[in-house]
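The block underneath contains the structure these notes are about, expressed in structure tokens.
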Ligand code: 13P
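Numbering (the working numbering), first residue to last: 822 to 1158.
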């Protein structure tokens, strides 16, 4: 039974031309996004912003699933309809971020480990009853001379495996997100090495702990140079490195790979995804699970002003369309205004 549910969710999420909207910024993370436009980080504003995104007419053409922050699961639109139902009524699968953020890793406190396993089984049961069919757990790894350390990879892999097992038991598809961060001066080769090492560790642990790889999705970073490296990103190179890294470490049984955008601009993310999508005959379906690269312009246009909501929705819809074209290798930068 549980397998049928998991399989059904994966099929609904991995539809050609569609991907996932990551709208699961925690209260702390959305504070940073809002601060840029002087938007007050109050629950009412977060709710209004998420209502704006989810009620954008036509968005289900490009978005198959949305990852929510837990708070949003219980919020409603201005007519009192739960936001999760606003999504479900458009046939968009409801997901939820279930980790509780990062804490310093004991014995290597400059690195981070994710917390949130305590009470997770009970929370998953509750989320399932609210309609949640997939979840996300993010581990974050930085690149430096001695990082990511084996200890950091080991600890985070253990957490990811425990989380994934609990999700699968609850009928919820786990998105396993080991993000190698793009902050720093490292080269793309260094990003490749770190990402390969992290993914190798993660999959070794997932397999050792008997996570069923057929019923999970991987959410990795693309292989890009560090944001402060001064190295220019070339989409074909990003795609070649990314695909060769994934081929080296991601088992064929994983049904789908859903990329994060990791601080790339909307255009960069589209160009890079498009270049990745030109690689054919891969064992997994590849699509997006973008946060910022789907939302940045829409958030800027809205700026917390209800009178700008419709204009922001138009921008959001167009961005989602462009990302969808990139997923199908049909994007070209001439499509940008
Ligand atoms: P970005 O696409 O902004 O990196 O967000 C995706 C995400 O879910 C990060 O955890």
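Virtual Cβ for every residue (Gly too), placed ideally from N, Cα, C.
In whole angstroms, what is the alpha-carbon distance linking residue i and residue j?
{"i": "residue 1088", "j": "residue 1117", "result": "11 Å"}
{"i": "residue 1069", "j": "residue 849", "result": "35 Å"}
{"i": "residue 1126", "j": "residue 1076", "result": "41 Å"}
{"i": "residue 1122", "j": "residue 867", "result": "15 Å"}
{"i": "residue 917", "j": "residue 845", "result": "7 Å"}
{"i": "residue 1051", "j": "residue 826", "result": "46 Å"}
Assign residue i to one of three DSSP states: helix, strand, or coil.
{"i": "residue 831", "result": "helix"}
{"i": "residue 933", "result": "strand"}
{"i": "residue 787", "result": "This structure cannot speak to residue 787, because the chain is shown only from 822 to 1158."}
{"i": "residue 1041", "result": "coil"}
{"i": "residue 1006", "result": "coil"}
{"i": "residue 902", "result": "coil"}
{"i": "residue 860", "result": "coil"}
{"i": "residue 1000", "result": "strand"}
{"i": "residue 942", "result": "helix"}
{"i": "residue 922", "result": "coil"}
{"i": "residue 885", "result": "strand"}
{"i": "residue 838", "result": "coil"}
{"i": "residue 1032", "result": "coil"}
So, is residue i buried or exposed, given that buried needs 16 or more other C-beta atoms within 10 angstroms?
{"i": "residue 997", "result": "buried"}
{"i": "residue 1092", "result": "buried"}
{"i": "residue 990", "result": "exposed"}
{"i": "residue 980", "result": "buried"}
{"i": "residue 877", "result": "buried"}
{"i": "residue 927", "result": "exposed"}
{"i": "residue 924", "result": "exposed"}
{"i": "residue 932", "result": "buried"}
{"i": "residue 1074", "result": "exposed"}
Nearest to residue i by alpha carbon, out of the options?
{"i": "residue 1067", "options": "1026, 939, 1123 and 1018", "result": "1018"}
{"i": "residue 914", "options": "829, 867 and 1158", "result": "829"}
{"i": "residue 976", "options": "960, 965 and 987", "result": "960"}
{"i": "residue 1003", "options": "1083, 873 and 912", "result": "1083"}
Worksheet entry | Entirely enclosed beta strand (DSSP E) segments - the segment 947-991, minimum 3 residues | Listed in chain order, the complete beta strand (DSSP E) runs (minimum 3 residues) inside the segment 947-991 are 955-962.
Fill in: Secondary structure, beta strand (DSSP E): runs of 3+ residues fully inside the segment 1070-1143
Here the runs fully enclosed are 1077-1080 and 1106-1111.
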